[in-house]
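In our numbering, the protein residues as written are 3 to 608.
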């Protein structure tokens, strides 16, 4: 099933990028645009810009990345496009087409592959080849009962044994790739994704294995590797351990949310069966939907060194807003009896440099005290921000009020809101009238942008109106669809080189070896794009000429992309948006050097 691209336009029309990005970073006005410290890397001077008129964003610093709201969600949540599409569709109320019979069959096949793979990993762990991993688990005080309960395993490094087993059973190459067990290497051969790692099956509520988490046993990076996005695995939609925890959570009306797999495994080993892991620092709307229908009390137990204090506070702020604004999942008749109000959220702080795994392994009594003394999230954020910025002078107090105002105003319950105002008044030691005036000022600042920005250029109803304006992209895709060994070119074709959304979708499908699905598209703007691509007049070429033409076209697309970056830089210069040129010079020079290199190497190889 292919999503109608008009739905993408509908989603974009419902979102103000400035408001959306503001949920994750604090934006400051800069001319007609907005700037902030980039949320994707550490920096002292803001290099992250949002352009309201274009509804785009760009980092002019170390990331050198940018795009629209979909690119932002993909980057901030580490999502594939499909997951970002689903999240934004849910947030905006745009209904995507339902799963069809073919998808259900695919889902069944992938679950079967994951189950077989999990059994293989478990067998390998208990074999002589898994001796070193068993010693590692023993040293971490993980016993055989816990290993069996959570289905822990070990993936071999030989890159063939699991693949051969699955193929011998009758599964196809593409099934293994779709399941996230294998991918194709540069030679077009199957290569196993997980090699030489501790394997952790990730199950959904009914116990089916959706994917895997894999921990390195040496110094290789990344430390943890998850299954890629698949039709049945979306990290943002799963709470690790939910299959074991949901009954206790419903019974106790309380859930404890930790970050990592081992945190949850350790908790369950010691009898804390209401613990789940978010597999990340900030809860997503899908995870919150699951929590809200199970429990009214949420305790978030965060690692003390998650990613620095500022990042931790930012993630908590994001989680708070998701709880306040996220759509509640559909309830069955039993769930309807539960209260629909937002859960009470508390924060359990770990000792410096430790995580729940460390604490529980050392002392369950200490863990009990930490959970028992968890602070309400508002109090935790208030005190953390106060410790970070101070509260001894008028300026720091005003800054604290402005930071907390969005949280206070997001609460719909007036009694709860009054409690937060009173807590903040006592913390700042100011009069109530003074605090209320400061809150009003903060709110006026946040709403001074007025209604949603009107885009200067509206997307036309007819895709041809803008598709026909980009023959370069169409020419590139036409050759790419026909050239052999296209995998050798894919790593050099970046999605950001393309301007037309439908062309980005087609490129993504090619990169996933889904060209056959293009022929099945019967309507929508993607079909218009395909028709335009097919209409391109490409002269007859032999294979070497095809390769050279494709390289030249990719180079031209990159040149155009870099020049667009320069245009945005010039726009900011004209508006004096670069307040500190020295801090931006490295990124600007890097772009200039790449453009210069491209101009002097017209036939550069790929």
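Where is the CB? At the ideal position from N, CA and C, for every residue including glycine.
Practice item. Report, in whole angstroms, the separation of the C-beta atoms of residue 78 and residue 48, which I expect to be a contact under 8 Å. Key: Numbered from 1 along the chain shown, position 76 holds the residue referred to as residue 78. Numbered from 1 along the chain shown, position 46 holds the residue referred to as residue 48. Contact flag wrong, Cβ pair sits at about 17 Å.
Review point. Mind checking residue 354: buried by the 16 CB within 10 Å criterion, or exposed?
Key: Here residue 354 corresponds to residue number 352 of the chain shown, with the count starting at 1. Here residue 354 is exposed, its C-beta having fewer than 16 other C-beta atoms within 10 Å.
Exercise for review: Figure out for me which residue from 270, 162, 258 has the closest Cα to the Cα of residue 294.
Suggested key: Within the chain shown, the letter at position 292 stands for residue 294. Nearest of 270, 162, 258 to residue 294, Cα basis: 258.
Exercise for review: Ignore the nearest five residues each way along the sequence and tell me which others in residue 187's own chain have a CB closer than 6 Å to its CB.
Suggested key: Position 185 of the chain shown, counted from the start, is the residue given in the question as residue 187. If you ignore the 5 residues before and after residue 187, its C-beta comes within less than 6 Å of the C-beta of 193, all in its own chain and listed in chain order.
Review point. Using 8 Å as the threshold, is the stretch 67-84 in touch with the stretch 226-245, meaning 3 or more CB pairs across them?
Key: The answer is yes - the stretch 226-245 touches the stretch 67-84, with three or more Cβ pairs under 8 Å.
Check your understanding: Which residues in the same chain as residue 218 place their Cβ atom closer than 7 Å to its Cβ, once the five residues preceding and following it in sequence are excluded?
Key -> Residue numbering aside, residue 218 sits at position 216 when the chain shown is read from its first letter. If the five residues before and after residue 218 are omitted, its C-beta is found closer than 7 Å to the C-beta atoms of 199, 225, all from its own chain and listed in chain order.
Check your understanding: Assuming residue 318 and residue 383 make a contact with CB atoms under 8 Å, what is their CB distance in whole Å?
Key -> Reading the chain shown from its first residue, position 316 is the one you call residue 318. Reading the chain shown from its first residue, position 381 is the one you call residue 383. The pair is a contact, with the Cβ atoms about 6 Å apart (cut-off 8 Å).
Check your understanding: For residue 443, which of helix, strand or coil comes out of DSSP?
Key -> For the purposes of this step, residue 443 is taken as residue 441 along the chain shown, with counting starting at 1. Taken through DSSP and simplified to helix, strand or coil, residue 443 comes out as helix.
Exercise for review: To the nearest angstrom, report how far apart residue 536 and residue 112 are at their CA atoms.
Suggested key: Here the question's residue 536 lines up with position 534 in the chain shown. Here the question's residue 112 lines up with position 110 in the chain shown. Each residue's alpha carbon lies about 33 Å from the other.
**Study point:** DSSP state of residue 298 mapped onto helix, strand, coil
**Key:** For the purposes of this step, residue 298 is taken as the residue at position 296 of the chain shown. Three-state DSSP puts residue 298 in coil, outside helix and strand.
Exercise for review: Locate the beta strand (DSSP E) running through residue 250, then write down its first and last residues.
Suggested key: Residue numbering aside, residue 250 sits at position 248 when the chain shown is read from its first letter. Residue 250 -> not in any beta strand (DSSP E); alpha helix (DSSP H) instead, spanning 244-254.
Practice item. Could you check which residue in 136, 119, 156 has the C-alpha nearest to that of residue 177? Key: As a working mapping, residue 177 is identified with position 175 in the chain shown. The shortest C-alpha separation from residue 177 is found at 119.
Review point. Quick one: Cα of residue 368 to Cα of residue 374, how far?
Key: For the purposes of this step, residue 368 is taken as residue 366 along the chain shown, with counting starting at 1. For the purposes of this step, residue 374 is taken as residue 372 along the chain shown, with counting starting at 1. Going by C-alpha positions, residue 368 is about 10 Å away from residue 374.
**Study point:** Extent of the continuous alpha helix (DSSP H) run through residue 81
**Key:** As a position in the chain shown, residue 81 is number 79, starting the count at 1. According to the DSSP assignment, residue 81 belongs to no alpha helix (DSSP H), since it is labelled neither H nor E.
Check your understanding: Rounded C-beta distance between residue 22 and residue 36? I'm assuming under 8 Å.
Key -> On the chain shown, residue 22 is found 20 positions in, with the first residue counted as 1. On the chain shown, residue 36 is found 34 positions in, with the first residue counted as 1. Contact doesn't hold; Cβ gap of about 12 Å is too wide.
**Study point:** residue 388 (DSSP reduced to helix, strand or coil)
**Key:** The sequence position of residue 388 within the chain shown is 386, counting from 1. Looking at residue 388 - three-state DSSP - the assignment turns out to be helix.
Point to revise | Cβ-Cβ distance between residue 271 and residue 165 below 8 Å | key: For this step, residue 271 is matched to residue 269 along the chain shown. For this step, residue 165 is matched to residue 163 along the chain shown. No.
Review point. Which whole-angstrom value describes the C-beta separation of residue 560 and residue 499, a residue pair presumed to lie in contact below a C-beta threshold of 8 Å?
Key: Stepping through the chain shown from its first residue, residue 560 is reached at position 558. Stepping through the chain shown from its first residue, residue 499 is reached at position 497. About 6 Å separates the two Cβ atoms, so the contact holds.
Check your understanding: residue 57 to residue 63, Cα distance in whole Å?
Key -> Taking the chain shown and counting its residues from 1, one reaches residue 57 at position 55. Taking the chain shown and counting its residues from 1, one reaches residue 63 at position 61. Pairing residue 57 with residue 63, the inter-Cα distance amounts to about 19 Å.
Exercise for review: Could you tell me how far apart the beta carbons of residue 214 and residue 204 are, in whole angstroms, since I believe they sit closer than 8 Å?
Suggested key: Locating residue 214 in the chain shown gives position 212, counting from the first residue. Locating residue 204 in the chain shown gives position 202, counting from the first residue. Between residue 204 and residue 214 the Cβ distance is about 6 Å, and since that is below 8 Å, they are a contact.
Exercise for review: Could you pull the start and end residues of the beta strand (DSSP E) that residue 478 belongs to?
Suggested key: Locating residue 478 in the chain shown gives position 476, counting from the first residue. Counted as a single uninterrupted DSSP element, the stretch harbouring residue 478 is not any beta strand (DSSP E) but the alpha helix (DSSP H) occupying residues 473-484.
Practice item. Output the boundary residues of the alpha helix (DSSP H) element that contains residue 215. Key: On the chain shown, position 213 is the one that residue 215 refers to. Careful: residue 215 lies outside any alpha helix (DSSP H), inside the beta strand (DSSP E) at 211-218.
Review point. Under the rule that 16 or more other beta-carbon atoms within 10 Å means buried, what is residue 504, buried or exposed?
Key: Position 502 of the chain shown, counted from the start, is the residue given in the question as residue 504. Its Cβ being crowded by 16 or more others within 10 Å, residue 504 is buried.
Review point. Which one or two residues does DSSP pair with residue 352 in a beta bridge?
Key: Walking along the chain shown from the start, residue 352 turns up at place 350. DSSP lists no partner for residue 352.
Review point. So residue 379 packs on residue 322, CB below 8 Å; how close in whole Å?
Key: In the chain shown, residue 379 corresponds to position 377, counting from 1. In the chain shown, residue 322 corresponds to position 320, counting from 1. With a beta-carbon spacing of about 6 Å, residue 379 and residue 322 fall inside the 8 Å limit used to define contacts.
Exercise for review: Measure from the alpha carbon of residue 90 to the alpha carbon of each residue in 29, 191, 286, then state which is nearest.
Suggested key: For the purposes of this step, residue 90 is taken as the residue at position 88 of the chain shown. Considering only alpha carbons, the answer is 286.
Exercise for review: To the nearest angstrom, report how far apart residue 466 and residue 416 are at their CA atoms.
Suggested key: Indexing the chain shown from 1 puts residue 466 at position 464. Indexing the chain shown from 1 puts residue 416 at position 414. Confidence at residue 466 is low in this model, with a pLDDT of 32, below 50, so the placement of that residue should be treated as unreliable; the coordinate-derived value is given next. For residue 466 and residue 416, the distance between alpha carbons rounds to 51 Å.
**Study point:** Unbroken alpha helix (DSSP H) run spanning residue 371, endpoints
**Key:** Reading the chain shown from its first residue, position 369 is the one you call residue 371. It spans 366-374 - the alpha helix (DSSP H) in which residue 371 sits, taken as one unbroken run.
Exercise for review: Please say whether residue 180 and residue 126 have beta carbons closer to each other than 8 Å?
Suggested key: For the purposes of this step, residue 126 is identified with residue 124 of the chain shown, where counting begins at 1. For the purposes of this step, residue 180 is identified with residue 178 of the chain shown, where counting begins at 1. The beta carbons of residue 126 and residue 180 sit no closer together than 8 Å.
**Study point:** Closest Cα partner of residue 512 within the set 10, 493, 85
**Key:** Working through the chain shown from its first residue, we reach residue 512 at position 510. Out of 10, 493, 85, 493 has the C-alpha closest to the C-alpha of residue 512.
Practice item. Whole angstroms is fine: what's the gap from residue 356's alpha carbon to residue 423's? Key: Your numbering for residue 356 matches position 354 in the chain shown. Your numbering for residue 423 matches position 421 in the chain shown. Roughly 32 Å separates the two Cα atoms.
Check your understanding: Who are the near neighbours of residue 124 in its chain, counting only those whose CB is closer than 7 Å to its CB and skipping five residues on each side?
Key -> The sequence position of residue 124 within the chain shown is 122, counting from 1. If we look at residue 124 and ignore the five residues flanking it on each side, its Cβ neighbours are 153, 155.
Exercise for review: Output the boundary residues of the beta strand (DSSP E) element that contains residue 30.
Suggested key: Here residue 30 refers to the residue found at position 28 when the chain shown is read from its first residue. Run containing residue 30: 30-32, per the beta strand (DSSP E) assignment.
Practice item. Below 7 Å CB to CB, which residues in the same chain sit around residue 363 once its five sequence neighbours on both sides are set aside? Key: Along the chain shown, one-based indexing puts residue 363 at 361. Sequence-distant Cβ neighbours of residue 363 in its own chain, meaning closer than 7 Å and more than five residues away, are 143, 268.
Review point. Are the beta-carbon atoms of residue 1 and residue 96 separated by less than 8 Å?
Key: Lying outside 3 to 608, the shown extent of the chain, residue 1 is not represented and no answer is given.
Check your understanding: What separation, rounded to the nearest whole angstrom, lies between the Cα atoms of residue 296 and residue 184?
Key -> On the chain shown, residue 296 is found 294 positions in, with the first residue counted as 1. On the chain shown, residue 184 is found 182 positions in, with the first residue counted as 1. Looking at the two C-alpha atoms, the distance is approximately 35 Å.
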